[in-house]
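Note sheet for the following structure.
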Amino acid sequence: MKIPYLSYSNVRDEALSFLSKFHPSHDLPIPIETIIDVQLGINIFPLPRLYKDHGQNGYLSRDRKTIYIDDLQYEQLNEKYRFTLAHELAHYVLHKDCYDQVIYTSCEEYIKWRLSVDPEKIGWLDTQAQWFAGIILVPTEQLKKCCQHIIEKYKNKLPGINLRSDDFWSYASNEIAKHFDVNPPVVEIRIKKENIAQEIKF
107 MKIPYLSYSN VRDEALSFLS KFHPSHDLPI PIETIIDVQL GINIFPLPRL YKDHGQNGYL
167 SRDRKTIYID DLQYEQLNEK YRFTLAHELA HYVLHKDCYD QVIYTSCEEY IKWRLSVDPE
227 KIGWLDTQAQ WFAGIILVPT EQLKKCCQHI IEKYKNKLPG INLRSDDFWS YASNEIAKHF
287 DVNPPVVEIR IKKENIAQEI KF
C-alpha cells in the first residue's frame, strides 16, 4: 500500500487550512463533533466493546462516510472521544488515497487489513493523524495565548521554578487542557511540538 509521507509542517498546514474553512472563528472548544456530523455529513456510530475486544478507539469506514467509535468513550470519556474523532477526521482529510486502495466492510475485516500492512506504514499513518488531531483541537495561536496567560499567572507565585522546564508545563497542561476540552497530555505534546516553552516571553 502506498502511503503519503507528510512532515509535521505539511500536516500543520493541512490542519490549519481545514480549520480556516470549517471553523474560522477558532472559538474554543473546537466543535469537532458538529464539524464532522453536521458540516461534513460523516456518521458517528458507537460500537460496543470496540476497544476491549479489538484494541481500537475508533476507525473510519472504507467509504469514509462513517466513524465507528468505542461506545464507552462516546458515552463517558468526552475528552478521549473528541480526540478519537479528530484522529479519524485526520484519516478522512489526509489519507483518502489509502482508503481507496483497501476493501473492508466490518470491524473484523478492518483489523485484518491493519495487521496485513507493514507496521511502520500503519505507524506513520497514525502519527500523522495524531499530529493533525492535536493541531485541530489545540490550535497554535490559542495555545500560545493560554501559555502566556499561565506565565503571567505563575511567574510571581512560583519563585525559583524554571518556567521553561518540562515539569512546569506538564503541571500547567492540566489547567490549559480545560480550555480546549482535551486530556492534558494532548496539550503537553502540542507545547513541545510548537516549542512554545522556549519561545514564550516573560
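Here the sequence shown is numbered in the numbering used here, starting from 107 and rising by one per residue. No residue lacks a Cβ here, since even glycine has one placed at the ideal position from N, Cα and C.
Three-state secondary structure (DSSP) at Ile138?
Looking at Ile138 - three-state DSSP - the assignment turns out to be helix.
Could you round the C-beta distance between Tyr187 and Phe151 to whole angstroms and report it? I think they count as a contact, below 8 Å.
Incorrect: roughly 13 Å between the Cβ atoms, too far for contact.
Residues in its own chain within less than 7 Å of Gln334 by CB, not counting five upstream and five downstream?
Because residue 334 is not part of the residues shown, which for the chain are 107 to 308, the question remains open.
Please report the Cβ distance between Val244 and Val292, rounded to the nearest whole angstrom; I am assuming they are in contact, meaning their Cβ atoms lie under 8 Å.
With 8 Å as the limit, Val244 and Val292 qualify as a contact, their Cβ atoms being about 6 Å apart.
Let's see if you can read the secondary structure: which residues bound the alpha helix (DSSP H) around Tyr165?
Counting along the chain, Tyr165 sits inside no alpha helix (DSSP H); it lies in the beta strand (DSSP E) bounded by residues 164–166.
Which residue marks the beginning of the beta strand (DSSP E) containing Asn149, and which one marks its end?
Asn149 -> beta strand (DSSP E) spans 149–153.
Am I right that Ser271 and Ile297 are in contact with their C-beta atoms under 8 Å? What's the rounded C-beta distance?
About 12 Å separates the two Cβ atoms, so there is no contact after all.
Residues near Cys213 in its chain [Cβ-Cβ closer than 8 Å; skip 5 each side]:
Answer for Cys213: Leu153, Leu156, His160, Gln162, Tyr165, Tyr174, listed in chain order.
In this structure, does DSSP put Ile175 in helix, strand or coil?
Strand.
Return the chain-ordered list of same chain residues with a C-beta closer than 8 Å to the C-beta of Glu281, the five sequence neighbours on each side being excluded.
So the list reads Ile256, once near-sequence residues are dropped.
Measure the beta-carbon distance from Tyr249 to Glu294 and round it to whole angstroms, keeping in mind my assumption that it falls under 8 Å.
Just to set this straight, residue 249 is Leu in the shown sequence, not Tyr. The pair is not a contact, with the Cβ atoms about 11 Å apart (cut-off 8 Å).
Assigned secondary structure, Lys307 (DSSP; H/G/I helix, E/B strand, else coil)
Under the three-state reduction of DSSP output, Lys307 falls in the coil class, being neither helix nor strand.
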